[in-house]
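Presented below is the structure to which this report refers.
Structure representation (structure tokens):
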């Protein structure tokens, strides 16, 4: 997930979760099979996760990580197509045939500059290198594990249809799923699933923010800043006016809107009137409609600022996300399986590890939240975060899970999350996700009515909207080595 | 003069001025006649000046002042045309016929809110009323006195041609001369003269600044500022951005440019997103070309600011002045007459009055500057002031005089200048001006070659430029009573 | 109410309201008495309301309106104290003695510049004069009517205790209640009530926004804007920077915050560097704590802006409101009486009048909402409006009613509300308020337990907070005639 | 010179310069000796210049260039002290003993990124490498050549005293001379000389601008820009407000002031409220007093901006230059020698090379200006450029020469100047400078009265001012390899 999720703590449920487990209803043979599969292959999956954790490759450079996952899937008998959507590190792995087709997504890109050992205090593994500060090593493997568990049942003839795993790169940057969704790779699915590492366990019922990621550049005319500044047109003047305009716009947008920016280029040396200046900016709102209205105003502000400073302004959209289209029918099916599985139970060592991280991070030392709480009602405005799962959710019904892999209030995208993702706290969450996702896929394969209900809710929510992603034609720019 | 003149003090000349007078060359009979005339009619002219000083009527409301001057001219035998250029308080008074036609201008508008008695400490005559803080009571009468002196000689057949006095209202506001010049009232003149009260005596060799006076209004859409500000478009946002842009432009204009503004309207109550906002602004530079370039940029800034705030912007030119076209040949002729007249000599009482004013005004107590100094070279950039004489100087060669009527460094446009203009310091300066202007007009009537030289310098300087004043069609708006 | 209330339309209840009335429970004799009283004195009350509607006096100048109400109360036997809290138009009218003491408030100030006839199209009664665009003519009389109805019962010995009417001026400006609350005038009350004209009928369960009303002035040093601007310190520069800072602060306040301002003084003439500039600003948030935090930042912004421009900045608090402390126990008691009274039923003429107003106001022609809907849950953040009832609600439990007196979505503070307040739509709402308030007061006098429950909720909510209003010592400045 | 000199073209003198030469007065034997020396050693000096031209080492990294010059001086018999003022590439080379002591300075640092061949069209020698776009290869060698010429005469006993060459690095960056002047290295000199490549030949009579080079950093508090921006304090807000304040200050500084800046750091990613931001800025004025007054205001603006944004601001002075203290007596002595030498005469090939460069640079194809024009009067405000020679000129009388080494209006600090500095146009200028400087030093050694006159003008001008340079204690930061 690009931006951390505000942890909603429901510690009161921890105590009662043992009881939930105790009263667990009878579980079907097929669900029992996927749970058993996850437990038997646990070490194999953990090894694969640790390998990707160690690679810690950043967006669109996940060459080894992508290959490890694709090779593993191939070894398990999946048909693998690599380099889909013109991204070398994107792939699709498929098993079985015919309908229904159930998809599941996995991410594996790391974040730059936060290399960390599996210790509860900050200590770089390779100084300057990347780290899995968003837990995508667990995400990719956990999802693939669930896909393989389903494959076993398909192979054994206990389920019928197709399972398809999507290796989706660059979630932290351009958003690989946005390109894959644009290219129609999800179109024939009945339902798609994903999960994400988090500080709690929940069947997601909340949307995410729609957003647009863009730059504004200004191009003027250089001049000697002391000798003849009147012959110059300052690109930086344009930029400063643009930002003033954006800050004024804040009064005139709804409270759910967020606009934030950095200055990427603001002149070279004081002695020259700057002929080039650049802002990198994001606009977000609860819905794409809202974000588009604001973006239109921002475009006008850029035009106006250029005119004021007598310079050229150019707005370039880099990428964007749709808000996540929630599917409550899907979430309810997932929630039932969470309640069957019950809470995650942590050892004293794990709790102590978590508290040490919390101490270092200067947040309350409340340990880990392994509880299952009841399905939450969908809020009008989502928490402030965006994800490229949003685009997928507008072409296929999407079921999203979050599972605890880090301490309560752990600072996301930091060494703290990297540390947990390489040891048992992360591993436990991943195996739990494998089970919950596979169980829910069993339901989806087995229950036509469930698929119909999910689809019908989906169609009602998207109301005929056709995906128009915020990306340029062609593939994303692949970063140079 | 709209804006005070920076006093350049040349006290060193004061001592020698007696000597200058002593060595005065033989004066022609005609010049002697105008000098004598001014001395004989001195009290009559002073009475008229004091009457206008007491009226203290502001721009375009100078009804009594204008009438007093026009009646006086008429009584002296001039043909008077009142209400020229559709301004009720503008008039032309003419005597004689045929060429040459020599013009001379007089102003008589006061400034609001600076009523003052003839005392050297601040004391309002009528609290809240206007006052002659720019000495225009002296200006109008001094010029008319010179015109009448010439009329005497024309009547006596000692000179040949036409003398024409221009009663030019509203110098402190819209600039009556701008309208009169546009309407061609000066077109048939050979030469025009004017003078202005000051803190020194000089044949003017400096230009003045070209300027444009305009407003920028912004019109948006009101909304409840707390309940739904996102439905409003703030005119005030547009205004604030406009001003930011103007302040950035300062880096990119030549050092001779001046831009200054006030906010005339910035919203009614905080609870409503302002739908209207207004700036009043002046742009100046040494030449009209420069001011036009800057004004073009300011227009773009207004457009851009409107676009940024999503509101309408409207730039409305109110008036403007050309820079004064200096005429050195004319100034040299005038300078010779100043040197004949010699310095103004003040009494101990006058000097003490002046020093008291300086004490009250917190400037050095250096008294009065009655000296004549040599002609100054024309500077590349003028002092920072503008005058509607500028427009006249582009249709006819213009000779400008300044004469001391107030203490050195007296704050212009203040009670201090009002006080002096109603007592002997002002009176002395006025009668001095009457003499110097009349003597110079004698030269102009008598010397065809001088007129030719002046005209030829004029034509070279204006280089075929055709006057395009910065005023709307029709007369200026006459202020309501 | 200072700022209009967002109308929440619940038209679906209109149909069922007849049924509600039909099933009306038995009504006690005392309640029946006050209902009957209101109906019998209806014309008298309407006449008084129409008189105040015609006076249309603005804040702290409500001399005739205040006198009319106080005289009426006196005539009915109340002990009247005029000029309380050093405000000539504030008064208290009391009847009875001993505990309990129940208070009820009435407003009577009009808004400037919206004079209007009782026609459904815009037509000034006296052009330029004020108008009751917030329905305070109804507010004052409706409340006093209820107080008199209670007085009858006290006089008849059917109730025991004291009824006290507060004549509270200047709600639209400084907030008379803020001064009266500060001065302890409400301290000995058991409960206080008020109502307000609106576009729906409801026992209020929502808070209002806390706010601070203040000015920021900047004082610099004048200089000639063309000749020596480097000797000036522009107060306007300080103001512009202050506003830029405020607009940047918007990113760093919670979404519930509102900040809005107008420029009241921005320089006199372009030719002078402005030495004085002034902003009038309001800051609001859901709670006083929030508003104080923002205000602290705004003070720093003013300081910093002054320092940047080299000028003095002064922040002057004018007034402020606490958020309303909701009392659900009180609202429930009121709601029961509303349900007993049932909806307001309008005639075809009234509905047509309302629709014409809606047509002229360019809002949907949905007529009038006379329905009673169930008590609404209290929202976390209130609608965006503030009231000086807020301060009262922190010293005594407060019960607030709103009653329909204008069409759905009628633009508040406009001619439309003035028109309705002078004819039967307004009158009906007022008499309805008289009944509902009197009935609820009957409950309060009769039920000690209800008073205890209300008090106990109040004490829990205010949690020991001691009122510190945002006003200077002494009385508010009384506007000159 | 840090910033190019505005070329004043006096082509009219070119034609007459032959005449000047023809009528050359008798030249003394000692002057003849230094002229002859320069002609004899011409090739040796050109080779050394070309070597340094090829090294093209940038500020404080001029290791090879500095060594080449120091080694050459040592080889010629000078006592060389390397690494003076703790700068590895600064050195002093001395010959002779006792008084008078005459100093002469040489620079040798190149500019980054403008590598160029000796061709009249743009063509990098080593792409990305530095180039001598300010002609410092010529500057260093030309000065050293003159010092050696003097050494010959001292060695031969024809002059008496000490000659001292200063190898002054980093003129284009921190200003090596500022450190050397602070450390007293020039204190015992009688007179110091320098020259600079230019587009004309002149004994300099103009000052340069005083300036301060500083950074302003802002430090706030990071927060998630979408989830809780209200917990962040944006350093970038502080920076934007600072710049707004600076742009407003422009109205309130004298027209001779220049302020210019770039943004060096403006946040990392849009998703985080920036906790760090940095501006790099220069302030200049005609005199140090003026620049200090402006700098005081800028400090206040930084403080105020920090306060407004709730962040810390830090102003760090990096370096600064005094304005050059002109010495007219010295300039007159130099001028006489220029008139003896007469103009530089160019070949058709050189003129054609120059015109090609002008064509490529889109300036008029006016060729080269080799003329000597009469000494210019000192202007009140200098051209807009600063130099670290300024600091030296406040501790010792300074004589400055400029000599043509590039075409008229050639864009300084560009490939065009690099190209000319490596071929005969540059070489000719350098040898000319060697002659003129050595001749003037002959005068200084021989004429005690000239030295006295120069010193006495110097003392009058500096009026007891004690140098306080704008640099931190200790040496400048040496850039890493």
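Chains as they are written, first to last, in the numbering used here: chain R, 1 to 481; chain V, 482 to 962; chain L, 963 to 1443; chain C, 1444 to 1924. Where a beta carbon is used, it is the ideal one built from N, C-alpha and C, also for glycine. The structure presented is a predicted model; accordingly, all values stated were derived computationally and were not measured.
Terminal residues of the continuous alpha helix (DSSP H) containing residue 295(R)? In the DSSP assignment, residue 295(R) falls within the unbroken alpha helix (DSSP H) covering 288-309.
Residues within the segment 801-827 of chain V neighbouring chain C, beta-carbon criterion of under 7 Å: The segment 801-827 of chain V vs chain C, Cβ under 7 Å: nothing.
May I ask you to list the residues that DSSP assigns as paired with residue 1186(L)? Residue pairing of residue 1186(L) in beta bridges, as defined by DSSP: 1234(L).
DSSP three-state call for residue 1452(C): helix, strand or coil? Bear in mind that a pLDDT of 32 at residue 1452(C), under 50, signals an unreliable position, so the model cannot answer this.
Go ahead and pull the three-state DSSP assignment for residue 1756(C). Residue 1756(C) falls in the strand class under three-state DSSP.
Would the beta-carbon of residue 611(V) fall within 8 Å of that of residue 539(V)? In this structure, residue 611(V) lies near residue 539(V), with their beta-carbon atoms less than 8 Å apart.
Touch check for the segment 140-154 of chain R and the segment 115-122 of chain R: three-plus C-beta pairs under 8 Å? As far as the Cβ criterion goes, the segment 140-154 of chain R does not touch the segment 115-122 of chain R, which means the pair count is below three.
Candidates 1032(L), 1045(L), 1152(L), 1131(L), of which the one nearest residue 1410(L) by Cα: Of the candidates 1032(L), 1045(L), 1152(L), 1131(L), the one whose C-alpha sits nearest the C-alpha of residue 1410(L) is 1152(L).
For the segment 682-710 of chain V, enumerate the residues whose C-beta is nearer than 9 Å to any C-beta of chain L, in chain order. Among the residues of the segment 682-710 of chain V, those with a Cβ less than 9 Å away from any Cβ of chain L are 690, 692, 694, 705, 706, 707, 708, 709, 710, in the order of the chain.
Within 10 Å of its beta-carbon, does residue 607(V) have 16 or more other beta-carbons around it, so buried, or fewer, so exposed? Burial state of residue 607(V) is exposed, judged by a 10 Å Cβ sphere holding fewer than 16 other Cβ atoms.
Can you name the start and end residues of the alpha helix (DSSP H) that residue 40(R) belongs to? Counted as a single uninterrupted DSSP element, the alpha helix (DSSP H) harbouring residue 40(R) occupies residues 29-40.
Which bits of chain R does residue 1217(L) rub up against, with CB to CB less than 8 Å? Annotation: Cβ neighbours of residue 1217(L) in chain R (cutoff 8 Å, chain order): 255, 256.
Can you tell me where the alpha helix (DSSP H) holding residue 952(L) begins and where it ends? The question about residue 952(L) has no answer, for chain L in this structure spans 963 to 1443.
Just how far apart, CA to CA, sit residue 253(R) and residue 134(R)? Roughly 31 Å between the two C-alpha positions.
To the nearest angstrom, report how far apart residue 192(R) and residue 104(R) are at their CA atoms. One C-alpha to the other measures close to 5 Å.
So does the segment 546-565 of chain V actually touch the segment 644-654 of chain V, counting three or more Cβ pairs closer than 8 Å? In this structure the segment 546-565 of chain V touches the segment 644-654 of chain V; the number of beta carbon pairs closer than 8 Å is three or more.
Tell me whether the beta-carbon of residue 1269(L) lies closer than 8 Å to the beta-carbon of residue 1743(C). For residue 1269(L) and residue 1743(C), yes; Cβs fall inside 8 Å.
Determine whether the Cβ of residue 280(R) lies closer than 8 Å to any Cβ atom of chain C. Yes, its Cβ sits closer than 8 Å to a Cβ of chain C.
DSSP three-state assignment for residue 344(R), whether helix, strand or coil: Assigned with DSSP and collapsed to three states, residue 344(R) falls in coil, not helix or strand.
Hey, could you find the ends of the beta strand (DSSP E) residue 1043(L) is sitting in? 1041-1044 is the span of the beta strand (DSSP E), which, as asked, contains residue 1043(L).
Nearest chain V C-beta to residue 1224(L) closer than 8 Å, yes or no? Chain V contact via Cβ: present.
I'd like to know if residue 128(R) contacts chain C, where contact means its C-beta is closer than 8 Å to some C-beta of that chain. Chain C contact via Cβ: absent.
Roughly how far, in whole angstroms, is the beta-carbon of residue 1593(C) from the beta-carbon of residue 1881(C), given that I think they are within contact range, below 8 Å? Yes, residue 1593(C) and residue 1881(C) are in contact; Cβ-Cβ is about 6 Å, under 8 Å.
From residue 434(V) to residue 537(V), what distance separates their C-alpha atoms? With chain V running from 482 to 962 in the structure shown, residue 434(V) is simply not present.
Is it right to say residue 503(V) is buried, meaning 16 or more other beta carbons lie within 10 angstroms of its own, or is it exposed? Here the model assigns residue 503(V) a pLDDT of 37, short of 50, so the residue's position is not dependable, and the following value carries that caveat. Burial call: exposed.
Can you list the alpha helix (DSSP H) stretches of 4 or more residues lying completely in the segment 1848-1893 of chain C, in chain order? Listed in chain order, they are 1858-1864, 1867-1889.
Residue range of the beta strand (DSSP E) that residue 1222(L) falls in? Start and end: 1220-1227.
In chain order, what residues of the same chain lie with their CB nearer than 8 Å to the CB of residue 1208(L), ignoring the 5 residues before and after it? The beta carbon of residue 1208(L) sits closer than 8 Å to the beta carbons of 1221, 1223, 1243, 1260, 1263 from its chain, once the five residues preceding and following it are set aside; these are given in chain order.
At which residue ranges does the segment 356-387 of chain R contain complete alpha helix (DSSP H) runs of 4 or more residues, listed in the order of the chain? Here no run is fully enclosed.
May I ask which residues mark the beginning and end of the beta strand (DSSP E) holding residue 674(V)? Residues 672-679.
CA-to-CA distance, residue 1395(L) to residue 1416(L), given in whole angstroms: Cα-Cα distance, rounded: 21 Å.
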